[in-house]
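Worksheet for the structure shown next.
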Amino acid sequence: MSDATGFKERLSLNGWGPLIARCILGGMFVWLGTAKLGDPVQFLKTLREYGMFPSSMPFLMNSTAAWLPWIEIFAGTLLIAGVAVRGIALMFLTMLIVFSSAIFLRASGVASADDISFCAVAFDCGCGTGEQNVCAKLGENVLLILLGAIVLLSRSRKLCLRGDLIRKPA
Amino acid sequence: MREWKRVIAEALVVFAVLTVIAFLANAQHDDGLDVTRDYFAAQRKPVAKKPVEDADPREEPEDPENATEPKKPEENSPVDPAEAEIRARLEANGLKAAEHDQVVEWFQDPAYQAGAYLFVDARNERTFAEGHIPGALQLDHFYLDRGIEQVVQAAQSAAVIVVYCNGGDCTDSESVALDLVDQGISPDQIHVYLGGIKAWRAADLPIEEGTR
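One line per chain: the protein sequences are Y and H, in this order. Here my numbering is used: the first residue of the first sequence is 12, the next is one more, and so on. Here my numbering is used: the first residue of the second sequence is 205, the next is one more, and so on.
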C-alpha cells in the first residue's frame, strides 16, 4: 500500500470521514443559500459592492444574484443525499476558491484605502452571514475547502443515493 | 486521468442542470429578481461635478457651461462623501434634496393630513413595517409592481412628494424618485430626504408601525 493510499484510508475512517465532511459542506451551502434567499435584494446590493460586474451588463450581476442562492441550496441538498458526490464537491471547491479570491481582493482594497491591517477589515461579504471579520471568513472558507477536498478525493459511497452520476463503463 | 475526466463531466452536468432549475426557481419565487432589469441605473446617471472635497483637479466636467454646482452642505455639518455624491447625482437628474427641518415642517403642516404632501418610504416591506414616518406609503424600487399604482394615484393630488430610505449611503430613495419621474410625475414635485429614517428617529419624531 502506498503512503498516499494509506493516508486516504486513514482519513476515510471506514467511510464515516467523507460522509461527515459531505454533510457539513452540504449543510453549510444549504444554510448560506437559504440566508441569501431570505433577502435577494440585499444579496444583489452586496454583490454590486465587489465591483466585479460591468455596469453596462446588469444581466450578469442580476443572474448571479438570482442563481447563486438556489444552486447552493440544490447542490448542497444533493451532496448531503449523496448524489453526484465528487462532481458537486469539485463544483463547490471551484466556487469557494472564486468566492475567497473575491473576498481577499475586496478586503485588500478596503485595508489599503482605510490604512488598516488586513485582519481588521470587516464587511458583509454577501455570504449570508452578515458583517464578518474577513480573516475569520477566509479561515472558514479554508476549512470548507479542506472538507471539499476530502469529499473529492474519497471513493467512499457510504449512505449515498447515487454517488456517481456518470458511472465507469463496464 | 479518465476518472478525473468523469468527475469533471459530472460537475459540468450537475452545474448545467442545476443552473436551469435555479433560474426557474427564481422566476417562480415571490421575491425573485428580474434578471433583465437595470436596478442600479439611477446610480450611474451622469454626475455633473464632484463635490468640492472629492474633486479631482485633473477632471473637468464634460460641459462646464451646463455643469450644476452641488448644493453646499449646511455650515458646521460634517460632509458625508456618500451623501455629497447622492446630492450631486440628484441635481444632475433634476431632482432636489430635502433638508431635515423642511421635511419636519411639511410633516407638521395641517395640509399633510389632507394629502398635500406625500411621503414615500423606499425601504423594503419588512423595514417599513418595523417603523416608518406616519402616513407614508411604501414603494420598493426592486419590487415596483407591489405599490407603484397606489403611490402614483396619491401623487396626483400631492403638491410635494418626499421620498426617503435609511439615510447615509442608502440610494433606494434616489432610485424610487427616478421611478416616479418615469411614471410621469414632475421632478419639481419630488424631494429626496437624505437624512432618511435614521435622521427622523434621531430627532425623536413620531413613528408608525405596521403595513398600509
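Glycine is no exception: its CB is placed at the ideal position from the N, C-alpha and C atoms.
Checklist entry - Does the distance from the CB of GLY6 (chain Y) to the CB of PHE64 (chain Y) come in under 8 Å? => result Because residue 6 (chain Y) is not part of the residues shown, which for chain Y are 12 to 181, the question remains open.
Item to check | Backbone secondary structure at PHE323 (chain H) - three-state DSSP | outcome: PHE323 (chain H): strand per DSSP, three-state reduction.
Next on the checklist: By alpha-carbon positions, which one of H:VAL221, H:GLY400, H:LEU237 and H:SER361 ends up nearest to HIS336 (chain H)?
Outcome noted: The shortest Cα separation from HIS336 (chain H) among H:VAL221, H:GLY400, H:LEU237 and H:SER361 belongs to H:GLY400.
Checklist entry - Between which two residues does the alpha helix (DSSP H) harbouring VAL357 (chain H) extend? => result Residue identity check: residue 357 (chain H) is Gln in the sequence provided, not Val. Looking at the DSSP string, the run of the alpha helix (DSSP H) that includes GLN357 (chain H) is 352-360.
Item to check | Distance, ARG117 (chain Y) Cα to VAL380 (chain H) Cα | outcome: For VAL380 (chain H) and ARG117 (chain Y), the distance between alpha carbons rounds to 29 Å.
Checklist entry - With respect to the alpha helix (DSSP H) encompassing PHE332 (chain H), which residues constitute its N-terminal and C-terminal limits? => result Unbroken alpha helix (DSSP H) run through PHE332 (chain H): 329-334.
Checklist entry - Less than 8 Å separating the beta-carbons of HIS395 (chain H) and ALA318 (chain H)? => result The beta carbons of HIS395 (chain H) and ALA318 (chain H) sit no closer together than 8 Å.
Next on the checklist: Report the CB separation of LEU155 (chain Y) from LEU36 (chain Y) in whole angstroms; it is logged as a contact under 8 Å.
Outcome noted: About 6 Å; that satisfies the 8 Å criterion.
Item to check | ASN328 (chain H) vs ASP349 (chain H) beta-carbon contact at 8 Å | outcome: Not in contact: ASN328 (chain H) and ASP349 (chain H) (Cβ atoms no closer than 8 Å).
Next on the checklist: Using 8 Å as the cut-off, can you tell me whether the segment 82-100 of chain Y makes contact with the segment 30-45 of chain Y, which would need three or more C-beta pairs spanning the two stretches below that distance?
Outcome noted: As far as the Cβ criterion goes, the segment 82-100 of chain Y touches the segment 30-45 of chain Y, which means the pair count is three or higher.
Checklist entry - Given that a residue counts as buried once 16 or more other Cβ atoms are within 10 Å of its Cβ, and exposed if not, what is ASP383 (chain H)? => result It counts as buried.
Checklist entry - At what residue ranges does the segment 138-166 of chain Y contain a whole run of the alpha helix (DSSP H), taking only runs of 4 or more? => result If only uninterrupted alpha helix (DSSP H) runs of at least 4 residues are considered, those enclosed by the segment 138-166 of chain Y are 145-164.
Checklist entry - At least one CB of chain Y closer than 8 Å to the CB of TYR368 (chain H): is that the case? => result No, TYR368 (chain H) lies away from the interface with chain Y (no Cβ there is under 8 Å from its Cβ).
Checklist entry - With distances taken between CB atoms, is the gap from GLY372 (chain H) to ALA286 (chain H) smaller than 8 Å? => result Cβ atoms of GLY372 (chain H) and ALA286 (chain H): closer than 8 Å.
Item to check | Sequence-distant residues of its chain with Cβ nearer than 7 Å to ARG166 (chain Y) (five each side left out) | outcome: Cβ within range, chain order: n/a, list empty.
Next on the checklist: Pop quiz: LEU322 (chain H) and ALA362 (chain H) are said to be a contact at Cβ under 8 Å. What is the actual Cβ separation, rounded to whole angstroms?
Outcome noted: Between ALA362 (chain H) and LEU322 (chain H) the Cβ distance is about 4 Å, and since that is below 8 Å, they are a contact.
Item to check | Residues that DSSP places opposite TYR368 (chain H) in a beta bridge | outcome: Looking at the DSSP assignment, TYR368 (chain H) forms a beta bridge with H:ASP325 and H:TYR397.
Item to check | According to DSSP, residues forming a beta bridge with GLN342 (chain H) | outcome: Paired residue(s): H:ASP325.
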